[in-house]
Every structure is written in C-alpha cells, then in structure tokens.
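Enquirer: Pasting in a structure now, in structure tokens, and then I'll have a few things to ask.
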Amino acid sequence: MAAPKSEELPYPLKRNALASTRLNFNHFWMKGLAGYLLHPEIPTDQEGLRIADLGAGTGIWVSEVAAGLPNAEFDAVDISADQFPPEPFRAPNVRFWTHNCFEPFPDEYLGKFDIVNARFWLCIVNDDVADKLLDNFLTLLKPGGFLQWFEPLPDTARVVSRNGGAPHPACDRLVETWKKPTASSSYEWVHALAARIEQRGLEVVAEDKHKNPDYYLPIAAQTVLLGLAEYLYKDPAIEKYQESLAQEHSKGSYVDVTWTCVVARKAL
Numbered sequence: 001m002a003a004p005k006s007e008e009l010p011y012p013l014k015r016n017a018l019a020s021t022r023l024n025f026n027h028f029w030m031k032g033l034a035g036y037l038l039h040p041e042i043p044t045d046q047e048g049l050r051i052a053d054l055g056a057g058t059g060i061w062v063s064e065v066a067a068g069l070p071n072a073e074f075d076a077v078d079i080s081a082d083q084f085p086p087e088p089f090r091a092p093n094v095r096f097w098t099h100n101c102f103e104p105f106p107d108e109y110l111g112k113f114d115i116v117n118a119r120f121w122l123c124i125v126n127d128d129v130a131d132k133l134l135d136n137f138l139t140l141l142k143p144g145g146f147l148q149w150f151e152p153l154p155d156t157a158r159v160v161s162r163n164g165g166a167p168h169p170a171c172d173r174l175v176e177t178w179k180k181p182t183a184s185s186s187y188e189w190v191h192a193l194a195a196r197i198e199q200r201g202l203e204v205v206a207e208d209k210h211k212n213p214d215y216y217l218p219i220a221a222q223t224v225l226l227g228l229a230e231y232l233y234k235d236p237a238i239e240k241y242q243e244s245l246a247q248e249h250s251k252g253s254y255v256d257v258t259w260t261c262v263v264a265r266k267a268l
C-alpha cells in the first residue's frame, strides 16, 4: 500500500491557546530577526493593493500589516478558523476565510492579488507536494505581483555550544529532528525554493538569509520546546526529552537554524 502524500496527513501541531501563543511568539521573533514583515523590495504604494496571507494561523501577520496599510485589502486564508481572532477584533480591511491551500482556489480569487505571503509551512510540506502547493499559490498573483515566502532551512541546523566542552546529546538529537522529524519528512524543496520559483518564470528579487544573534538563541530554544510538545505529543518520552534540552540550554548549548525569505515577482 502506497504511503499517503503529505497533503493527506493530519495537521501535526495543535490549534489550542498554547499553540496560538507559540505562533504569535514566532511572529514577533521573525519580525525582529528579519526587520520587516513585508520585504522592502515589495512596493506597497499602488492604488487598490490586495494582499493574501496563506496559512494565516492566528492572523497576527496579516493584522499587523493591515494596520500599516489601511487602504489595502487583505485576505487571510487557512484550512481551519480555530485560531482566527474573534470577529469584533478583526481589522476592517481583512477578510478571514477557510480553504485547503493544496486544492485549487475558487475562480474569483485567481490572478487578483498584488502580494501573496506564506510562512511556516515546512512542518506540513514534503517534497512530494511542494510543487503543487507552490503552483496553487502562484495562481493568485496578478501579472507583476510578488510572492514572499519565509521558512527555516533545516539542513543548517547546528549546535552552538559554550559549555566548556561538555556533551550535548539532546541538542544533537534536535539537530537530526530538524532535518528529519519523521520517517516521511523530506525537505529538499525548501533549500531549492528560489530555484523552483524561477523555473516557473518568476524573477527572484531577494533570497535573504537570517541568522539568529546570540540573544535570540534562548527565544529560538523556547519556541522549539513548545513545538516539540505538539509535534511529538505521541512520544511517551517527550517530557524527558524536553527536560534534557532545557538542562543543556541552561548550561550553554543551543540549536540554531538559519531562516530564509524568498521574494519573487511574476512577469507582467
């Protein structure tokens, strides 16, 4: 029997209050790390600007960008509405709706957006469906529109240790978890994201690499601890693993990962 495609697998994380806290925590970490929410190469001064945020989660990215662009229209899209903000607290220029982004978008949205934003898709996208997802995203862009995609680069995972040479087996395990968290995980697509986009005729205008300064390493460690509890919740040894990681962190060992932001423009 053939293994299910990654698009057919259940969402591996949770959608409760703690999971929303983690997503919002990641948002402000990434904002500080990159220094922007929309890349400076993306113009935002045109009339009738329309922006889609795919995999919107809690809506924190789209809500913050919408506050700075009150005359633009925004669509926040996710397969689940469970983490969307309550109706009374949604920005007036943002529409929240649900859709499975692995499936074609309704015709009324095709070719309608000046900017499409995507981030944090890695945990549910393997090589078998990455091209399908990318192609779906690109159907939303107007001619001349921009795609912005922000992800970690798992093959860059490494231990940063200043603990006097003591071993750090939990961090070593986390490096391998980043690279292949499950037997079916395959992440070549994200390391070749810019090339995959160029193959589809877009111009890559930026491929930024963002590395954590030392003062962000504890932040990265804390959010990973939260994520592990969700991602590996079926593992009976997960609490012991988290405790081992926390102990190694307290003694001066962390796992660092480089992040990338790819920005590409569709031909006119």
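The opening residue of the sequence shown carries number 1 in my numbering; numbering runs sequentially from there.
Cβ atoms here follow ideal geometry from the backbone N, Cα and C, with glycine treated the same way.
Are LYS31 and GLU230 closer than 8 Å when you measure CB to CB?
Expert: Locating residue 31 in the sequence shown gives position 31, where the first residue counts as 1. Locating residue 230 in the sequence shown gives position 230, where the first residue counts as 1. Going by C-beta atoms, LYS31 is not nearer than 8 Å to GLU230.
Enquirer: Can you give me the C-alpha to C-alpha distance between SER253 and GLU188, rounded to a whole angstrom?
Expert: The sequence position of residue 253 within the sequence shown is 253, counting from 1. The sequence position of residue 188 within the sequence shown is 188, counting from 1. C-alpha separation (whole angstroms): 27 Å.
Enquirer: Taking the alpha carbon of VAL94 as the point to measure from, which residue in GLU103, LEU49, GLU243, ILE238 has its own alpha carbon closest?
Expert: On the sequence shown, residue 94 is found 94 positions in, with the first residue counted as 1. For the residues GLU103, LEU49, GLU243, ILE238, the minimum Cα distance to VAL94 belongs to LEU49.
Enquirer: Using DSSP with H/G/I as helix, E/B as strand and the rest coil, what is ILE197?
Expert: Translated into positions along the sequence shown, residue 197 becomes position 197. In the three-state scheme derived from DSSP, where H, G and I count as helix and E and B as strand, ILE197 is classed as helix.
Enquirer: Is it the case that the region 81-93 contacts the region 139-150, given that we only count it when at least three CB pairs across the two stretches are under 8 Å?
Expert: Here the region 139-150 does not lie against the region 81-93, with fewer than 3 beta-carbon pairs under 8 Å apart.
Enquirer: Hey, how far is the Cα of VAL263 from the Cα of ALA183?
Expert: Here residue 263 corresponds to residue number 263 of the sequence shown, with the count starting at 1. Here residue 183 corresponds to residue number 183 of the sequence shown, with the count starting at 1. Each residue's Cα considered, the two are about 30 Å apart.
Enquirer: Secondary structure at LEU54, three-state DSSP: helix, strand or coil?
Expert: As a position in the sequence shown, residue 54 is number 54, starting the count at 1. Of the three classes helix, strand and coil, the one that applies to LEU54 here is strand, per DSSP.
Enquirer: Does DSSP put CYS171 in a helix, a strand or coil?
Expert: Position 171 of the sequence shown, counting from 1, holds the residue named residue 171. For CYS171, the secondary structure class from DSSP, reduced to helix, strand or coil, is helix.
Enquirer: Would you decide whether SER80 is buried or exposed? Buried here means 16 or more other CB atoms lie within 10 Å of its CB.
Expert: What you label residue 80 is simply residue 80 of the sequence shown in a count that begins at 1. Classification of SER80: exposed, given that the 10 Å Cβ count is below 16.
Enquirer: Which of the three DSSP states, helix, strand or coil, is assigned to MET1?
Expert: The sequence position of residue 1 within the sequence shown is 1, counting from 1. Residue placement at MET1 is flagged as unreliable, the pLDDT there being 41, under the threshold of 50; the coordinate-derived value follows with that caveat. The answer is coil: DSSP assigns MET1 none of H, G, I, E or B.
Enquirer: What does DSSP give as the partner residues of LYS209 in its beta bridges?
Expert: Locating residue 209 in the sequence shown gives position 209, counting from the first residue. Answer is THR260, bridged to LYS209.
Enquirer: Give the range of the beta strand (DSSP E) segment to which TRP121 is assigned.
Expert: Position 121 of the sequence shown holds residue 121. Unbroken run through TRP121: none, as it is neither H nor E.
Enquirer: If we count the other Cβ atoms within 10 Å of its Cβ and call it buried at 16 or more, is GLY111 buried or exposed?
Expert: Mapped onto the sequence shown, residue 111 falls at position 111. It counts as exposed.
Enquirer: Between the C-alpha atoms of ASP172 and TRP29, what's the straight-line distance to the nearest angstrom?
Expert: For this step, residue 172 is matched to residue 172 along the sequence shown. For this step, residue 29 is matched to residue 29 along the sequence shown. Cα to Cα, the separation comes out at about 23 Å.
Enquirer: Pull up the distance between the alpha-carbon of GLU207 and that of ALA130, whole angstroms please.
Expert: Mapped onto the sequence shown, residue 207 falls at position 207. Mapped onto the sequence shown, residue 130 falls at position 130. Between GLU207 and ALA130, the C-alpha separation is close to 18 Å.
Enquirer: Let me make sure I understand the geometry here. Which of TRP259, GLY68, ASP135 has the alpha-carbon closest to that of ARG196?
Expert: Numbered from its first residue, the sequence shown carries residue 196 at position 196. Comparing Cα-Cα distances from ARG196 to each of TRP259, GLY68, ASP135, the minimum goes to ASP135.
Enquirer: Bridge partners for ASN117 per DSSP, in chain order?
Expert: Here residue 117 is taken as the residue at index 117 of the sequence shown, counted from 1. DSSP output for ASN117 lists ASP53, GLN148 as bridge partner(s).
Enquirer: Identify the residues that DSSP records as bridge partners of THR182: which are they?
Expert: Numbered from its first residue, the sequence shown carries residue 182 at position 182. Its beta-bridge partners do not exist; DSSP assigns none.
Enquirer: Decide if SER63 is buried, meaning its Cβ has at least 16 other Cβ atoms within 10 Å, or exposed.
Expert: For the purposes of this step, residue 63 is taken as residue 63 along the sequence shown, with counting starting at 1. Buried: at least 16 other Cβ atoms inside 10 Å.
Enquirer: Considering only residues of the same chain and omitting the five flanking positions on each side of VAL255, which have a CB-CB separation below 8 Å?
Expert: Position 255 of the sequence shown holds residue 255. Counting only Cβ-Cβ distances below 8 Å, and skipping sequence neighbours, we find ALA157, ARG158, VAL159, VAL160, CYS171, LEU174, VAL175, TRP178, ALA220, ALA221, VAL224.
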